[in-house]
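Some notes on the structure that comes next.
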Amino acid sequence: QSTIRIRFAHSLSTVEPAHQAAEFFAKNVAARTNNRVQIEVFPGEQLGSGRDVNEMIRQGANVMNITDPGYLSDFVPDVGILNGPYLVQEYDQFGRLLDSDWYRGVDAALQKAGFRMIMMGAYFGARHMIADRPIRRPAEMAGMTVRVPPNQMWIETFRSLGARPTTVQWSEIYNALQQNVVQAAEAPYGSLWGARLQEVRKVISTTGHFQALTGWPINNGYFNRLPADVRAVLLEEGGKAQQEQTRLTREQEAGFVERFRGAGVEIVSDLDIPAFQAASAATYKAFPKWTPGLYDTVRKLLA
Amino acid sequence: MTVALPSILLVLLFALNLPVAFAIAISALSFFFLADGLPLDIFFQKMVAATESYPLLAVPFFVLAGSLMNAAGITRRLLHLADALVGHLTGALAQACTVLATLLGGLTASSSADAAMLSKLFGPEMLRRGYSAAFAAAITSSAAIITALIPPGIGLIIYGYLADVSVGRLFLAGVVPGLLLAGSLFLTTWWIARRRGYRPTRPHFAGWGEVGRAAKEAVWALLIPVFIILGLRYGIFTTTEAGAITVLITLLIGALVYRELSWAKLPGVLRETVLDTSSVMLLICAASAFGFYLAWERLPPAMASWMVGLTRDPQMLLLLINVLLIVLGTAVEGTAALIILTPIFVPVILQFGIDPVQFGIVLVTNLTIAGITPPVGQMMFISCAVLRVPMEVYTVEILPFLAAMTAVLLLITFLPGLSLWLPDLVMGP
Amino acid sequence: MDARPLRHRAEAAGMSAGLRRALGQADELIAVLALLVTVAAVGWGVVTRYVTSQPAVWSSEVAAIAFAWLTFFGASACFRHNAHPSIDMLVQRLPPGPQRWVRLGVDLLVAGFLAYFCWLGVEFSLAAWDNPTAVLRLPMTVVYAPVTLATAMMLARHLSNMRRPLALPERAMA
Ligand code: NA
Ligand code: NA
Numbered sequence: 001q002s003t004i005r006i007r008f009a010h011s012l013s014t015v016e017p018a019h020q021a022a023e024f025f026a027k028n029v030a031a032r033t034n035n036r037v038q039i040e041v042f043p044g045e046q047l048g049s050g051r052d053v054n055e056m057i058r059q060g061a062n063v064m065n066i067t068d069p070g071y072l073s074d075f076v077p078d079v080g081i082l083n084g085p086y087l088v089q090e091y092d093q094f095g096r097l098l099d100s101d102w103y104r105g106v107d108a109a110l111q112k113a114g115f116r117m118i119m120m121g122a123y124f125g126a127r128h129m130i131a132d133r134p135i136r137r138p139a140e141m142a143g144m145t146v147r148v149p150p151n152q153m154w155i156e157t158f159r160s161l162g163a164r165p166t167t168v169q170w171s172e173i174y175n176a177l178q179q180n181v182v183q184a185a186e187a188p189y190g191s192l193w194g195a196r197l198q199e200v201r202k203v204i205s206t207t208g209h210f211q212a213l214t215g216w217p218i219n220n221g222y223f224n225r226l227p228a229d230v231r232a233v234l235l236e237e238g239g240k241a242q243q244e245q246t247r248l249t250r251e252q253e254a255g256f257v258e259r260f261r262g263a264g265v266e267i268v269s270d271l272d273i274p275a276f277q278a279a280s281a282a283t284y285k286a287f288p289k290w291t292p293g294l295y296d297t298v299r300k301l302l303a
Numbered sequence: 304m305t306v307a308l309p310s311i312l313l314v315l316l317f318a319l320n321l322p323v324a325f326a327i328a329i330s331a332l333s334f335f336f337l338a339d340g341l342p343l344d345i346f347f348q349k350m351v352a353a354t355e356s357y358p359l360l361a362v363p364f365f366v367l368a369g370s371l372m373n374a375a376g377i378t379r380r381l382l383h384l385a386d387a388l389v390g391h392l393t394g395a396l397a398q399a400c401t402v403l404a405t406l407l408g409g410l411t412a413s414s415s416a417d418a419a420m421l422s423k424l425f426g427p428e429m430l431r432r433g434y435s436a437a438f439a440a441a442i443t444s445s446a447a448i449i450t451a452l453i454p455p456g457i458g459l460i461i462y463g464y465l466a467d468v469s470v471g472r473l474f475l476a477g478v479v480p481g482l483l484l485a486g487s488l489f490l491t492t493w494w495i496a497r498r499r500g501y502r503p504t505r506p507h508f509a510g511w512g513e514v515g516r517a518a519k520e521a522v523w524a525l526l527i528p529v530f531i532i533l534g535l536r537y538g539i540f541t542t543t544e545a546g547a548i549t550v551l552i553t554l555l556i557g558a559l560v561y562r563e564l565s566w567a568k569l570p571g572v573l574r575e576t577v578l579d580t581s582s583v584m585l586l587i588c589a590a591s592a593f594g595f596y597l598a599w600e601r602l603p604p605a606m607a608s609w610m611v612g613l614t615r616d617p618q619m620l621l622l623l624i625n626v627l628l629i630v631l632g633t634a635v636e637g638t639a640a641l642i643i644l645t646p647i648f649v650p651v652i653l654q655f656g657i658d659p660v661q662f663g664i665v666l667v668t669n670l671t672i673a674g675i676t677p678p679v680g681q682m683m684f685i686s687c688a689v690l691r692v693p694m695e696v697y698t699v700e701i702l703p704f705l706a707a708m709t710a711v712l713l714l715i716t717f718l719p720g721l722s723l724w725l726p727d728l729v730m731g732p
Numbered sequence: 733m734d735a736r737p738l739r740h741r742a743e744a745a746g747m748s749a750g751l752r753r754a755l756g757q758a759d760e761l762i763a764v765l766a767l768l769v770t771v772a773a774v775g776w777g778v779v780t781r782y783v784t785s786q787p788a789v790w791s792s793e794v795a796a797i798a799f800a801w802l803t804f805f806g807a808s809a810c811f812r813h814n815a816h817p818s819i820d821m822l823v824q825r826l827p828p829g830p831q832r833w834v835r836l837g838v839d840l841l842v843a844g845f846l847a848y849f850c851w852l853g854v855e856f857s858l859a860a861w862d863n864p865t866a867v868l869r870l871p872m873t874v875v876y877a878p879v880t881l882a883t884a885m886m887l888a889r890h891l892s893n894m895r896r897p898l899a900l901p902e903r904a905m906a
């Protein structure tokens with residue numbers, strides 16, 4: 001039996017729990033298949049940006065990626081709602097959505113679009129705001145220039161909160177904040193720390209506007225050509241890696257509060273979350289490609 | 304064999320005198336034919352992907368700004384001033400280029416953008432004064448390296464992120480090595496200029512009267528850098544955006560103040576910019592497809608791990624890493640190599656007791672110098688394209704500059720204090 | 733996709749000299765327009781960050797799309813101006829006979845590469861139709877199809893460069 005080599009590319013650095021979960025997955029798959037299946041992890045955009053690697057997967061390249069519902073919604077619009085602002089209060093609530101007939105329909109559509117999800121829904125962290133002053137309610141964000149990634153969900157969300165979203169490259173974010181081109185940025189704790197933003201902004205408000213999820217796609221046709229036992233191992237180990245990433249991310253989030261405080265950053269957590277939730281609700285009306293009634297369907301599943 | 308074939312093909316195609324961009328692209332394509340699990344379409348994507356890089360937009364912006372400054376008489380006025388100030392020194396124009404690069408270094412974060420600006424600004428005038436085109440390409444591309452170390456610099460930010468090191472500390476640590484690089488260029492220029500007889504443009508100092516008149520004449524031209532400095536300092540725009548704003552300000556001053564920029568001059572300026580930009584960009588596109596092959600086959604990490612296993616001595620390790628990077632740097636682009644290699648090297652150097660801030664300076668310096676080592680290097684591509692210099696001629700001309708900068712590299716490798724003194728002084732050890 | 737038949741057709745249709753010249757320089761014109769778009773889009777992005785109530789979030793995406801156009805249409809124009817650098821160290825030292833064969837082989841290799849790249853571009857442009865850009869939600873085809881067209885123009889320019897030495901006597905007669 002010949003060995004199966006799968007390259008697992010992603011755009012994150014090696015210090016992220018998501019990368020560690022990928023290595024965890026690679027190790028377990030190798031162990032369970034007696035090294036017949038070798039997963040090689042390529043961090044840091046070595047094989048291209050997140051978008052490029054998704055496109056490679058769609059074209060049938062033998063690679064895996066760490067991606068999120070936002071990227072996948074380019075091909076299956078409905079999956080993007082998982083990325084919506086204040087959709088859930090707690091990460092655990094996603095379980096109910098991902099284990100529903102609604103999501104099984106979405107998954108079938110993803111497969112049709114060429115993406116087989118080895119794993120979907122690992123916790124990537126709650127996204128918070130970093131600025132030079134506390135943001136306790138949406139009004140305190142009014143007119144504030146906030147760096148967002150070039151993504152419709154982010155742009156619509158921050159507009160609905162009254163901010164002025166602008167797209168600056170993540171690699172320029174440190175300079176952009178230091179030079180005051182943008183006033184605030186938003187990301188999970190791990191990414192804020194990774195970009196060293198605590199050196200240029202001293203207040204984090206735990207808005208938790210998105211509970212970020214990641215998933216691991218592979219080309220569907222390629223997956224279906226793999227031997228049945230290999231497919232089973234990949235999916236099972238993917239599930240375990242999902243739990244591992246979630247565990248690591250939570251552990252890291254807890255530690256980060258102390259690390260940020262140690263770096264002189266004020267963590268503000270007495271926020272008027274219902275006000276943020278109400279203000280951002282308009283975001284859910286900005287996606288004409290969604291199946292009509294999608295928001296209500298998802299709300300019902302969560303209720 | 305499969306792994307090495309694209310590299311062998313690259314050397315062969317260079318020897319056969321294929322246009323460089325096509326030699327690199329065809330070698331990269333051969334890899335896509337050989338690799339399994341990789342549809343050929345991906346090659347197309349990899350060729351186009353580099354044009355989606357926002358920081359690289361600085362290349363057309365600064366090339367255009369430089370062309371406009373030349374057409375608008377702005378360059379002439381600035382150089383007249385520089386001439387009044389330092390025209391009595393040997394190789395004055397080239398020395399002025401290094402000075403400007405060092406000053407610009409405090410504003411811009413990308414060496415490619417600086418190479419575009421310097422070669423556009425100084426190139427034509429150097430040719431007029433009898434400097435060889437190859438020398439002009441060599442000094443403008445080398446001087447562009449300085450910006451990577453004088454803060455702000457994109458490479459240091461990426462390293463700080465990947466190595467989990469303070470960017471503020473890295474920025475401070477880059478200042479002295481950046482000035483040392485500038486010093487090494489001064490000496491090299493002086494040495495070459497004396498041997499070649501790149502004479503002073505005037506027998507002795509012009510006198511403060513003429514300096515004053517030249518400064519008055521150039522006051523609007525001088526305001527362009529001032530405006531850019533203020534714009535960056537007060538956060539009106541990012542460094543990439545500064546390029547577009549420079550173009551717009553140059554247009555205004557050239558058309559409304561100096562009134563030398565006419566509609567008739569615009570087509571020539573635009574054509575020049577398009578040709579310079581796209582010949583460089585096609586090279587960069589091909590180089591990034593070739594870089595994909597190196598990454599896919601994991602060649603840089605494989606070489607790195609092999610090298611790290613060779614010694615237990617920290618000094619020896621640093622030396623070996625430098626040698627490896629110089630070899631890799633001939634073919635791999637700086638930023639890509641930085642992202643691939645930082646996570647591999649940093650855990651190792653920490654075990655060896657080497658300071659990660661100093662190591663970051665060594666790594667970034669080395670990989671930025673890679674931008675002027677043939678056959679693949681962005682600053683080399685840019686300066687050679689702007690000045691129409693064949694790469695084989697450039698290869699000879701760049702050697703003394705490479706030697707001088709390698710000497711600086713060794714200094715900052717073996718004397719950690721050169722990097723760490725300033726951050727320790729300002730931020731405490 | 734040779735430029736010549738197109739030019740002949742243009743003559744047959746009685747087009748003005750100006751229009752014919754514009755067609756001959758279409759790649760350069762498109763690249764210049766794309767260059768102006770990159771400057772204008774990024775400049776507008778900066779201005780709107782301070783002047784309008786919402787910054788123009790589309791500006792960097794438009795600049796990136798135009799950058800791809802600029803690169804590849806400009807690369808086509810480079811063929812006309814012979815602006816693609818190469819390293820001529822060995823071939824120029826060969827005797828004239830072998831030198832001609834090597835140069836012909838190299839020219840054919842580049843032509844073959846461009847033809848193949850163009851074909852990949854057609855495939856990729858079609859596949860990218862349902863892959864939207866991040867902000868404006870345009871199909872990625874707006875990037876890939878023009879690159880493909882520009883490659884076809886490069887091929888046409890390259891082939892006509894190859895024909896030039898043969899065509900010289902003809903032109904002398906005319
Ligand atoms: Na700099
Ligand atoms: Na190089």
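Residue numbers (the working numbering), protein chains in the order written: chain A, 1 to 303; chain B, 304 to 732; chain C, 733 to 906.
Cβ atoms here follow ideal geometry from the backbone N, Cα and C, with glycine treated the same way.
Using a CB distance below 9 Å, the part of the region 45-75 of chain A facing chain B consists of 45, 46, 47, 48, 49, 51, 52, 55, 56, 59, 60, 61, 62, 63, ordered along the chain. For residue 123/A, the enclosing beta strand (DSSP E) begins and ends at 115-131. Within the chosen limit of 7 Å, ligand 2 reaches the beta carbon of residue 679/B through at least one heavy atom. About 5 Å separates the beta carbons of residue 805/C and residue 759/C, which is inside the 8 Å limit, making them a contact pair. Those residues of the region 859-870 of chain C placed with their C-beta closer than 8 Å to a C-beta in chain B are 859, ordered along the chain.
Rounded to the nearest whole angstrom, the CA to CA distance from residue 233/A to residue 29/A is 7 Å. For residue 348/B, the closest Cβ of chain C is nearer than 8 Å. Residue 845/C is positioned such that its CB atom lies closer than 8 Å to that of residue 332/B. Between residue 573/B and residue 802/C, the gap from beta carbon to beta carbon reaches 8 Å or more.
DSSP places residue 220/A inside the alpha helix (DSSP H), whose first and last residues are 220-225.
By the CB criterion at 8 Å, residue 359/B and residue 415/B fall inside the cutoff. If you draw a straight line from the Cα of residue 280/A to the Cα of residue 85/A, it comes to about 7 Å.
The three-state secondary structure of residue 816/C, taken from DSSP, is coil. Proximity to residue 399/B across 519/B, 503/B, 668/B peaks at 503/B, based on C-alpha coordinates. For residue 370/B, the closest alpha carbon among the candidates 388/B, 404/B, 420/B is that of 420/B.
Chain-order list of chain B residues neighbouring residue 795/C: 360, by C-beta distance under 7 Å. Per DSSP, residue 164/A is one residue of the beta strand (DSSP E) stretching across 164-167. By the criterion of a C-beta distance shorter than 6 Å, residue 769/C is surrounded in its chain by 798, once the five residues flanking it on both sides are discounted.
Residue 673/B has its Cβ nearer than 7 Å to a heavy atom of ligand 2. Boundaries around residue 145/A are those of the beta strand (DSSP E), 145-148, since no alpha helix (DSSP H) includes it. Using a Cβ-Cβ cut-off of 9 Å, residue 214/A is close to nothing in chain C; its nearest Cβ partner there is about 18 Å away. The beta carbon of residue 37/A does not come within 8 Å of any beta carbon belonging to chain B, so the residue lies off that interface. For residue 787/C, the residues of chain A that pass the 9 Å Cβ criterion are 145, 164, 165, 166, 167, in the order they occur in the chain. For residue 611/B, the enclosing alpha helix (DSSP H) begins and ends at 602-611. If you compare the alpha carbons of 61/A, 1/A, 138/A, 204/A with that of residue 127/A, the shortest gap goes to 204/A.
Not one heavy atom of ligand 2 falls within 7 Å of the beta-carbon of residue 668/B. Taken through DSSP and simplified to helix, strand or coil, residue 398/B comes out as helix.
For residue 539/B and residue 176/A, the gap between their C-alpha atoms comes out near 9 Å. The beta carbon of residue 552/B sits closer than 7 Å to those of 527, 530, all from its chain and outside the five residues before and after it, given in chain order.
Among the residues of the region 171-189 of chain A, those with a Cβ less than 7 Å away from any Cβ of chain B are 171, 172, 174, 175, 176, 179, 180, 181, in the order of the chain. Approximately 6 Å separates the beta-carbon atoms of residue 117/A and residue 107/A; this is inside 8 Å, confirming the contact.
When C-beta distances to chain A are compared with 8 Å, the residues of the region 586-609 of chain B below that value are 595, 598, 599, 601, in chain order. Annotated as proximal: residue 590/B and residue 679/B, with beta-carbon spacing under 8 Å.
Going by beta carbons, residue 813/C and residue 578/B fall inside the 8 Å limit. Cβ neighbours of residue 33/A within its own chain (closer than 7 Å, five residues either side excluded): 230, 233.
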